[in-house]
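In this note's numbering, the protein residues as written are 1136 to 1524.
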């Protein structure tokens, strides 16, 4: 802004799509530098002023004191939430409800003068079509690498979040990045081949940091093209896992990354006598220096001896990573770290075959590759297993 008047104060007025009149509820005053012909930036906070959340439509800049000369004002990036309703998080963001503001402000589209699907917001450049299975819903398509869309969101709980992108793709090459206030907040979302553009699947990643309460700008980047997107669902990624322990020996594993993984913390309040794996042990009442096992690692298997039955209850982020095991011999393994928020039995054959396993067993049964009488079929959350490789 360049101020060539004698004014030292000014007022900024604006209208919205919902309220097209300039009035006192959409006005904020601020101090300016008189007779300043240099380019100078003024950050004006509208958040404390009534009716500011609707998408800005027109602005008027008025120096409070009349004077000779001119005022030149450049407004950069004027945008706002579509329908003037901030998407609540936890909650769902419909892809078609990107911000108002147009090309370069609310979105970047390879064909900004046309909506290839000619549906919903037909005057915008983003390509929107009708959902193939839901006649009253919409999806975004015709994606091109380098495109992006923005959404104003209202976060109501500070936590790690699960991000589920509901997408479709006929190949496995498409990629999405999720950014909050200019910073990437999760691993890149790798979109698998869902079978067709008409077949949608939810792909989940977990944020790499807690998202703070408040208003934020979410940006979805198209890193690699070739997919459609319906919506993005945010839910609390912190999950609680409970593991029942009987008196005597138990084979267990955990599947959440907790803040404190010390054995004393994991088994707090329980009458546990010993915890061990193939590399070390922890024994109740023993001097800490003599306990070679100090912590519980998610996804690994452990032998636990309980003096009395009890239950472990822990909360954290679902663990991610590959199954790790020694090249040969017997070893303890746990339920795999899939990174998914839903813990459910998963077929052993999804992970093991004749190339990496001879036998898997626990206290109740066994599994061998291509076996016809296997009494174990699944790896179960909270359970541990012996693996012979």
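Think of the CB as a built atom: it goes at the ideal place given N, C-alpha and C, for glycine as much as any other residue.
Check: Between the Cα of residue 1441 and the Cα atoms of 1430, 1418, 1248, which residue gives the shortest distance?; Outcome: 1418
Check: What is the DSSP secondary structure of residue 1364, counted as helix, strand or coil?; Outcome: strand
Check: Would residue 1366 and residue 1468 qualify as a contact pair, given that the criterion is a beta-carbon distance under 9 Å?; Outcome: no
Check: Taking 8 Å as the cut-off, does the segment 1296-1304 touch the segment 1329-1341 (at least 3 CB pairs, one atom from each stretch)?; Outcome: yes
Check: Given a cut-off of 9 Å on the beta-carbon distance, is the pair residue 1315 and residue 1233 in contact?; Outcome: no
Check: Classify residue 1436: buried if its beta carbon has 16 or more other beta carbons within 10 angstroms, exposed otherwise.; Outcome: buried
Check: For residue 1346 and residue 1296, which I take to be in contact (beta-carbon distance under 8 Å), what is that distance rounded to the nearest angstrom?; Outcome: 6 Å
Check: What's the C-alpha gap between residue 1342 and residue 1322?; Outcome: 7 Å
Check: On the three-pair Cβ rule with 8 Å, is the segment 1514-1521 touching the segment 1491-1500?; Outcome: yes
Check: If contacts are defined as beta-carbon pairs under 8 Å, then residue 1451 and residue 1380 qualify, I think. What distance do you get, rounded to the angstrom?; Outcome: That pair is no contact at about 19 Å.
Check: So residue 1480 packs on residue 1513, CB below 8 Å; how close in whole Å?; Outcome: 4 Å
Check: Counting only C-beta atoms, is residue 1398 closer than 9 Å to chain B at any point?; Outcome: Included in the structure is just one protein chain, with no chain B present.
Check: Looking only at its own chain, which residues have a Cβ that is under 7 Å from the Cβ of residue 1373, when we skip the five neighbours before and after it?; Outcome: 1294, 1295, 1450, 1451, 1452
Check: Can you look up residue 1478 in the DSSP assignment and give me helix, strand or coil?; Outcome: coil
Check: Between residue 1402 and residue 1438, what straight-line distance do the alpha-carbon atoms span, to the nearest angstrom?; Outcome: 13 Å
Check: To the nearest angstrom, how far is it from the Cα of residue 1407 to the Cα of residue 1429?; Outcome: 14 Å
Check: For residue 1388, does the three-state DSSP call read helix, strand or coil?; Outcome: coil
Check: Within the same chain, show all residues whose beta-carbon is closer than 6 Å to that of residue 1375, passing over the 5 residues directly before and after it, in chain order.; Outcome: 1450
Check: Buried or exposed: where does residue 1306 fall if 16 or more other Cβ atoms within 10 Å of its Cβ makes it buried?; Outcome: exposed
Check: List the residues that DSSP assigns as beta-bridge partners of residue 1376.; Outcome: 1449
Check: So is residue 1387 buried or exposed if we call it buried at 16+ other beta carbons inside 10 Å?; Outcome: buried
Check: Quick check on the DSSP output: what are the complete beta strand (DSSP E) runs of length 3 or more inside the segment 1226-1255, in order along the chain?; Outcome: 1226-1229
Check: Report the CB separation of residue 1471 from residue 1524 in whole angstroms; it is logged as a contact under 8 Å.; Outcome: With 8 Å as the limit, residue 1471 and residue 1524 do not qualify as a contact, their Cβ atoms being about 15 Å apart.
Check: Beta-carbon within less than 8 Å of residue 1382's beta-carbon, same chain only, minus the 5 sequence neighbours each way: which residues are those?; Outcome: 1441, 1442, 1443, 1444
Check: Just verifying my parser: in three-state terms, what is the DSSP assignment at residue 1275?; Outcome: strand
Check: Count the other CB atoms within 10 Å of the CB of residue 1465; is the residue buried (16 or more) or exposed (fewer)?; Outcome: exposed
Check: Could you check how far apart the C-beta atoms of residue 1358 and residue 1454 are, in whole angstroms? I think they sit under 8 Å.; Outcome: Not quite, the Cβ-Cβ distance comes to about 25 Å (not below 8 Å), so this is no contact.
Check: Express the C-alpha separation of residue 1165 and residue 1364 in angstroms, rounding to a whole number.; Outcome: 42 Å
Check: Tell me, to the nearest whole angstrom, how far the beta carbon of residue 1246 is from that of residue 1260; I am working on the premise that it is less than 8 Å.; Outcome: 6 Å
Check: Output the distance between the C-alpha atoms of residue 1503 and residue 1456, rounded to the nearest integer angstrom.; Outcome: 24 Å
Check: CB-CB under 7 Å to residue 1308, same chain, minus the five flanking residues each way: which ones, in chain order?; Outcome: 1359, 1361
Check: Are residue 1487 and residue 1516 closer than 9 Å when you measure CB to CB?; Outcome: no
Check: Looking only at DSSP bridge pairs, what is residue 1495 linked to?; Outcome: 1502, 1522
Check: What's the C-alpha gap between residue 1281 and residue 1422?; Outcome: 58 Å
Check: Under the three-state reduction of DSSP, which class applies to residue 1200: helix, strand or coil?; Outcome: Interpretation of residue 1200 is limited by its pLDDT of 47, a score under 50 that renders its predicted location unreliable; the figure taken from the coordinates is listed afterwards. Note: residue 1200 maps to coil in three-state DSSP.
Check: What separation, rounded to the nearest whole angstrom, lies between the Cα atoms of residue 1352 and residue 1291?; Outcome: 14 Å
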